[in-house]
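Participant:
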Amino acid sequence: MMKIFKTTWRNIRRSPYQAFAAVFVMTLTFLFISFFTFLLYGSSKAISYFESRPQVTAFFKNEAKLSDITSLQNSLKANDKVASVKFVSQQDALKIYKEQNKNNPMLTEMVTSSILPASFEVSVSDPKVLEQISQDFTAKTSQVDEIIYQKDIIKSLLNWTNFIRKTGITIVSVTTAITFLIIFVIIGMKITSRKDEINVSRLLGASNFYVKRPFLIEGIIYGLSGSLLGLLITYSLLAYFYRQINLFFNPVVFVSTNLSLYAILLVSSLVLGSLIGFCASWIGVKRYIKF
Numbered sequence: 044m045m046k047i048f049k050t051t052w053r054n055i056r057r058s059p060y061q062a063f064a065a066v067f068v069m070t071l072t073f074l075f076i077s078f079f080t081f082l083l084y085g086s087s088k089a090i091s092y093f094e095s096r097p098q099v100t101a102f103f104k105n106e107a108k109l110s111d112i113t114s115l116q117n118s119l120k121a122n123d124k125v126a127s128v129k130f131v132s133q134q135d136a137l138k139i140y141k142e143q144n145k146n147n148p149m150l151t152e153m154v155t156s157s158i159l160p161a162s163f164e165v166s167v168s169d170p171k172v173l174e175q176i177s178q179d180f181t182a183k184t185s186q187v188d189e190i191i192y193q194k195d196i197i198k199s200l201l202n203w204t205n206f207i208r209k210t211g212i213t214i215v216s217v218t219t220a221i222t223f224l225i226i227f228v229i230i231g232m233k234i235t236s237r238k239d240e241i242n243v244s245r246l247l248g249a250s251n252f253y254v255k256r257p258f259l260i261e262g263i264i265y266g267l268s269g270s271l272l273g274l275l276i277t278y279s280l281l282a283y284f285y286r287q288i289n290l291f292f293n294p295v296v297f298v299s300t301n302l303s304l305y306a307i308l309l310v311s312s313l314v315l316g317s318l319i320g321f322c323a324s325w326i327g328v329k330r331y332i333k334f
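Per our numbering, the sequence shown starts with residue 44, numbered consecutively.
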């Protein structure tokens, strides 16, 4: 086995520029893969955060009757698309207002509960029903003064996530195809340049697999090296910038600090990189080594 690895290493050293090209494009591929993976992860966290917040807020008129409010609350709770309904009284609204402006006493001195409206904070399990819930408020009671809902925010996040996913798949697919082709061509060139040596080995009784094995291992080395470098670059950038990124998206934890996620991505990338390198090399040896 050591002899095979020595032969493979000698083949790599004989053409360092070709090896560099193979590792470079593989590194770029996994740099893109890891970048879009974390981008999609952060986007999904942002969507989950906004979906867990009150997505429809209905403010009642000051003259709204408690019976109307209770009736509307029961009606909303009966909707299976509604996850939760929270009633915020005028006194509760005053407490929230004072907490939000506790560092600015001038904004709280003249404010009383009588000038703040009571409200419902409604969370839904399906963002698609936001508009329906909003219309129900208007249709079922005349006591609602204003309705605010996060339809546009969640819709924008979903659109961006879909765009990122499609863009990522396209870029990763193109770079993977280029990487595959480059490794295939490099292995083919190396086989062609060593054709006489391969023929001598065959005459001395070497098996087909023995002749092909160094080239297969070479492809795997390209895949492992490129995927590892791509992940290391991504992890280094995240380690340096993750505080600033999470501070920017606060309170959403856009960049995870869960080490198991990084370990899973590392193992998956190494396996995928090895598979790409092996498959490209396998097709190369099948194409150029025929006995």
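Glycine included, C-beta positions come from ideal geometry on N, C-alpha and C.
Give the range of the beta strand (DSSP E) segment to which Thr100 is assigned.
Facilitator: 99 to 103
Participant: Check each candidate in Asp135, Leu290, Thr72 and name the one with the smallest Cα separation from Thr155.
Facilitator: With distances taken between Cα atoms, Thr155 lies closest to Asp135.
Participant: What did DSSP end up calling Asp123 once you bin it into helix, strand or coil?
Facilitator: coil
Participant: Beta-carbon within less than 7 Å of Ser324's beta-carbon, same chain only, minus the 5 sequence neighbours each way: which residues are those?
Facilitator: Ile226, Ile230, Phe258, Leu259, Glu261, Gly262
Participant: Would you mind reading off the limits of the beta strand (DSSP E) that contains Glu164?
Facilitator: Residues 162 to 167.
Participant: In the DSSP assignment, the alpha helix (DSSP H) including Lys108 goes from what residue to what residue?
Facilitator: Taken as a continuous stretch (DSSP letters only), Lys108 belongs to no alpha helix (DSSP H), as it is neither H nor E.
Participant: Three-state secondary structure (DSSP) at Val131?
Facilitator: In the structure shown, Val131 falls within a strand segment according to DSSP collapsed to helix, strand and coil.
Participant: Once you ignore the five residues that flank Leu137 on each side, which residues in its own chain have a CB closer than 8 Å to its CB?
Facilitator: Val154, Thr155, Ser156, Leu159
Participant: Quick check: what's the CA-CA separation for Ala64 versus Leu271?
Facilitator: 15 Å
Participant: So if DSSP puts Val187 in a beta bridge, which residue, or which two residues, is it bridged to?
Facilitator: Phe103
Participant: Skipping 5 residues on each side, what residues in its chain have a beta carbon closer than 7 Å to that of Ala8?
Facilitator: The structure shown does not extend to residue 8, since the chain is modelled only from 44 to 334, so the question has no answer here.
Participant: Which residue wins for smallest C-alpha separation from Leu281, given the options Met149, Arg56, Gly85, Trp52?
Facilitator: Gly85
Participant: Using the three-state DSSP reduction, which class does Lys145 fall into: helix, strand or coil?
Facilitator: Three-state result, Lys145: coil.
Participant: Among Phe75, Arg256, Lys88, which has the Cα closest to the Cα of Leu274?
Facilitator: Phe75
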